[in-house]
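**Q** Can you keep this structure in mind? I'll have questions shortly.
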Amino acid sequence: MLKAHNLTKRFFGLVAVDNASIDVPEGSITGLIGPNGAGKTTLFAMIAGFSPPNEGRVVFQGDDITTEKPHLRARRGLARTFQIVQPFAGLNVRDNIAVGAYLHTKDPTEAKRRATEVAEKVGLGRELDKLASGLTIAGRKRLELARALATRPKLLLLDEVLAGLNPSEIRDVLPIIRKIREEGVTILMIEHIMQAVMNLCDSVYVLSQGKMIASGEPKVVCTDPAVIEAYLGHGAAARMQAEGAAHA
Amino acid sequence: MTKNFELILALAFLALLAVLALVGLPGNILNLFIFMMIVALTAQGWNMLGGYGGLSSFGHAAFFGTGAYTTTILQTTFGINAWIGLVCGVALGALVGALIGFLSFRAGLKGSYFALITLAFAEVLRILANSWDFTGGASGMMVSLKNSFWDLQFADRRYFFLILVVFVVLGLFLTRWLERSAFGAYLIALRENDQAAQALGVDIFRIKMQAITLSAAITSLAGCLYVQNFLFIDANVAYGSWISIEALFAAIVGGAGTIAGPLIGSVLLLGLGEITKSFSGGIPGIDLVVFGIILVLCVAFAPNGVRGYVADLYRRRMNRPPSSPKIV
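Which chain is which? The protein sequence lines are H and D, in order. All residue numbers for the first sequence refer to my numbering, where the first residue is 73 and numbers rise by one. All residue numbers for the second sequence refer to my numbering, where the first residue is 3 and numbers rise by one.
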């Protein structure tokens, strides 16, 4: 469904993303993990059209969209959430979500009805009339999700929707994400919470210092020495193996 | 306080003014009311872009003046009917709006940069109008006195006031429509957060272009009507920064991004200005001092304008959380 090939992004001297490729098959939940500062959000920004890549191509459902503006990608069915939540603070929850729903209807009554529907799906049904600025962090993350869903995406890009949530809130959101996939939406998610990644993802890509260092099934990727070293430092994999051997 | 209630209150207030005017008012009060309506209409135009879109213009004089000059030149130089002149004035004002919008929004200007560029455009137009023969140069232009409905002039000022009230009512309904429509929702969304709006499929360039065109059209309509009342125009009146400032003052003091805000603001500002003028024995510039004090009070105590302040009071009585402060 989405193929991003050889994407490179340079900020003056710094290479934030270096020749990274990612392939998201239709119907999957694909994870993108990596240590802080690896370039995950920059890679996302290139896929969603907020930051043009210096090199490489983004292909969505067979069309090259590398230089297309974000709002046109949204019309194609590519929706994103923001890691740093970006609510329309002065609007209530219903009107926030309705902005997404207007992509497919110009009728305000219909848009608000759909907004209500989506809000109930993500568990914001009781807060419809609350101002977005009055929501908790968990509420704002759900609002990001709801707004993106209201555009009826085919591919949903989730940028750390679980970050900042406590374990019980995470437990509440996981089934929502699974249900979104069951309804036919393909998902690409950046996530730090390994519990979620192991639970949800069919395959995982690991980005470190701008380079894609591993990809595959979550369980396999987790034992990859290159991945362990990216997170824990040089030599960590060897030490862990030695310790494992000693325990045995 | 629902939006419909706000609209009904504003309509009732205007109906009261209209009845008062018909029953009979002293000439100077009627003139004040006429001026209030012209400023209210100008501010309604500003409110579409500055209030709902968060794009504060310091140069709405560019549209006001274009409307005023267009209808004046068409009438005096070409002998064209005043109503046709009005339509042309609105169309040309909208076109100037679209042009300024195209240049500023292409470059992605917003905030103080957008305010400065609009101010610059208005000043350029003022200097041009002041030096061209076409616009009567520094001596300005007069519209000859005709006093008939077809010339949009009335010996009895009450009728002109009623026409103004009709236009302000249309402005209120247009604002109400905007609040409800998909277009309005997109406009508010890009005011609140333009990145998030783009991610949800909003073509922010197109929405901003539509907003500035609509806003300019309404403000140039006010300019056309101004000329029909005062029958004289020169560069400092038409393109002077005074009208840009009245427009944004009235909207912000009344409540930017609300239906009734511009009307409340213009009535309040001009009314209080007039009262102080008459009590102080006409010290020159005293009304501007009052404007300044009101603005300071508003910024300190009612950042959402009078309309927002009233809404907050009402909500507090109803024990609901207050609306968040909004930056215009």
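By construction, the Cβ of each residue, glycine as well, lies at the ideal position given by its N, Cα and C atoms.
Please compile the residues from chain H whose C-beta is within a distance smaller than 8 Å of the C-beta of residue 200(D).
**A** In chain order: 122, 141, 142, 143 and 146.
**Q** Following the continuous alpha helix (DSSP H) through residue 156(D), name the residue where it begins and the one where it ends.
**A** Here residue 156(D) belongs to no alpha helix (DSSP H), and DSSP marks it neither H nor E.
**Q** Kindly give me the distance between the Cβ atoms of residue 143(D) and residue 78(D), rounded to whole angstroms, as I take these residues to be in contact under 8 Å.
**A** Right, the Cβ-Cβ distance comes to about 6 Å (below 8 Å), so this counts as a contact.
**Q** Within this structure, are the beta carbons of residue 222(H) and residue 187(H) separated by less than 8 Å?
**A** Cβ distance < 8 Å, so residue 222(H) and residue 187(H) count as in contact.
**Q** Taking the C-alpha atoms as reference points, what is the distance between residue 296(H) and residue 102(H)?
**A** Taking the straight line joining both Cα atoms gives about 18 Å.
**Q** I want to verify the contact list: residues of chain H whose CB lies under 9 Å from the CB of residue 190(D), in sequence order.
**A** Going along chain H in sequence order, the residues near residue 190(D) (Cβ under 9 Å) are 160, 162, 163, 167 and 171.
**Q** Give the interface partners of residue 178(H) over in chain D, defined as CB-CB distance under 7 Å, in chain order.
**A** Under the 7 Å cutoff, chain D gives 184.
**Q** Use the C-beta contact count for residue 251(H): other C-beta atoms within 10 angstroms, 16 or more gives buried, fewer gives exposed.
**A** Residue 251(H) comes out exposed.
**Q** Taking the alpha carbon of residue 226(H) as the reference point, which residue from 149(H), 122(H), 89(H) and 74(H) has its own alpha carbon closest?
**A** Of 149(H), 122(H), 89(H) and 74(H), the residue nearest in Cα terms is 149(H).
**Q** Counting pairs of Cβ atoms below 8 Å between the stretch 107-118 of chain D and the stretch 67-75 of chain D, do you hit three or more?
**A** No, the stretch 107-118 of chain D does not touch the stretch 67-75 of chain D.
**Q** Shortest alpha-carbon distance to residue 119(H) belongs to which of 200(H), 100(H) and 89(H)?
**A** Considering only alpha carbons, the answer is 89(H).
**Q** Throw me the rounded Cβ distance for the residue 126(D) and residue 74(D) pair, which I believe falls under 8 Å.
**A** At roughly 19 Å, the Cβ-Cβ gap does not stay under 8 Å, so residue 126(D) and residue 74(D) are not in contact.
**Q** Determine the closest residue to residue 282(H) out of 75(H), 74(H) and 115(H), with distance taken between C-alpha atoms.
**A** Closest option to residue 282(H), Cα to Cα, is 115(H).
**Q** Buried or exposed: which applies to residue 193(D), given that a residue is buried once 16 or more other Cβ atoms fall within 10 Å of its Cβ?
**A** Residue 193(D) is buried by the Cβ-count criterion.
**Q** Between the alpha carbons of residue 310(H) and residue 304(H), how many angstroms are there, rounded?
**A** Going by the C-alpha atoms only, they are around 11 Å apart.
**Q** List the endpoints of the continuous beta strand (DSSP E) containing residue 261(H).
**A** Here the beta strand (DSSP E) through residue 261(H) covers 258-262.
**Q** Taking 8 Å as the threshold (beta carbon to beta carbon), is residue 204(D) in contact with chain H?
**A** Interface residue, yes.
**Q** If residue 234(H) sits next to residue 271(H), beta carbons under 8 Å apart, how far is it from one beta carbon to the other, in whole angstroms?
**A** The pair is not a contact, with the Cβ atoms about 11 Å apart (cut-off 8 Å).
**Q** Quick one, which residues of the stretch 273-298 of chain H are near chain D if we go by CB-CB under 7 Å, in chain order?
**A** Taking 7 Å as the Cβ-Cβ cut-off against chain D, none of the residues of the stretch 273-298 of chain H qualify.
**Q** Please identify the residue among 241(D), 23(D) and 214(D) whose C-alpha is closest to the C-alpha of residue 226(D).
**A** Measuring from the Cα of residue 226(D), the nearest candidate turns out to be 241(D).
**Q** Can you list the residues of chain D that residue 321(H) reaches, using a CB-CB cut of under 7 Å?
**A** Since the first residue of chain H shown is 73 and the last is 320, residue 321(H) is not available in this structure.
**Q** Which stretch, first to last residue, makes up the alpha helix (DSSP H) that contains residue 80(H)?
**A** Premise fails: residue 80(H) lies in the beta strand (DSSP E), 74-83, not in any alpha helix (DSSP H).
**Q** With burial defined as no fewer than 16 other Cβ atoms inside 10 Å of the residue's Cβ, what is the status of residue 141(D): buried or exposed?
**A** Burial call: exposed.
**Q** Quick one, are the C-beta atoms of residue 45(D) and residue 245(D) less than 8 Å apart?
**A** Result no, Cβ atoms of residue 45(D) and residue 245(D) do not sit closer than 8 Å.
**Q** Got a sec: which bits of the stretch 198-231 of chain H sit with their beta carbon under 7 Å from any beta carbon on chain D, in order along the chain?
**A** So the close ones are 203, 205, 206, 219 and 223.
**Q** Tell me the DSSP secondary structure of residue 122(H) in three-state form.
**A** Residue 122(H) falls in the coil class under three-state DSSP.
**Q** Using 8 Å as the threshold, is the C-beta distance between residue 74(H) and residue 132(H) below it?
**A** Cβ distance < 8 Å, so residue 74(H) and residue 132(H) count as in contact.
**Q** Quick one: does the C-beta of residue 143(H) sit closer than 7 Å to a heavy atom of the ligand SAH?
**A** Ligands in the displayed structure: none, and consequently the ligand SAH is not present.
**Q** By the DSSP assignment, the alpha helix (DSSP H) with residue 7(D) in it spans what residues?
**A** First-last of the alpha helix (DSSP H) with residue 7(D): 5-25.
**Q** Give me the chain H residues within the contact set of residue 194(D), using Cβ-Cβ distance strictly less than 7 Å, ordered along the chain.
**A** Result: 160, 161, 162 and 163.
**Q** Answer yes or no: do residue 243(D) and residue 99(D) have a C-beta to C-beta separation smaller than 8 Å?
**A** Not closer than 8 Å, so no.
**Q** Near residue 42(D), which residues of its chain fall below 6 Å by C-beta distance, leaving aside the five closest residues on each side in sequence?
**A** Closer than 6 Å at the Cβ level, and outside the excluded window around residue 42(D), lie 170, 264, 265 and 268.
**Q** What is the rounded straight-line gap between the Cα of residue 295(D) and the Cα of residue 283(D)?
**A** Each residue's alpha carbon lies about 19 Å from the other.
**Q** Residue 99(H) and residue 363(H) - do their beta-carbons sit closer together than 8 Å?
**A** This structure leaves residue 363(H) out entirely; chain H is present only between 73 and 320.
**Q** So with Cβ pairs under 8 Å, would you call residue 310(D) a contact of chain H?
**A** So, not an interface residue.
**Q** Are at least three pairs of beta-carbons, each pair with one atom in the stretch 284-301 of chain H and one in the stretch 125-143 of chain H, less than 8 Å apart?
**A** Not touching, per the Cβ criterion.
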